[in-house]
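Below you'll find the structure, written out as structure tokens, and then a few comments.
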């Protein structure tokens, strides 16, 4: 389960006085994602490899599905052009 931390301010690094100043309408914020550990290891490691592997497998399946759909659409466009 991923949780979001909001409200951290991001600032732009200015290395030259000639840089254009940017004043975004809303300040830049970052959303940090983290998982609440179920049980920490004796060395303080909170990474659960089983959960990480399952998320990796899920992302891999979604990626392959997207590639297959995109490949099908490109083949359809190529057939129409011929």
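Residue numbers (this note's numbering): 13 to 94.
All C-beta atoms, glycine included, are put in the ideal place defined by N, C-alpha and C.
Since the structure is predicted, the reported quantities are computational estimates derived from the model, not experimental observations.
Where residue 70 sits in the DSSP three-state scheme: Against the chain shown, residue 70 aligns to sequence position 58. In the structure shown, residue 70 sits in a helix (DSSP, three-state: H, G or I).
Straight-line Cα distance separating residue 63 from residue 6: What the structure shows of the chain is the stretch from 13 to 94, and residue 6 is not part of that stretch, so it cannot be assessed.
DSSP three-state assignment for residue 30, whether helix, strand or coil: On the chain shown, position 18 is the one that residue 30 refers to. Judged by DSSP in its simplified three-state form, residue 30 adopts coil rather than helix or strand.
Rounded straight-line distance, which links the Cα of residue 46 to that of residue 52: Within the chain shown, residue 52 is the residue found at index 40, counting from 1. Within the chain shown, residue 46 is the residue found at index 34, counting from 1. Distance between the alpha carbons of residue 52 and residue 46 is about 14 Å.
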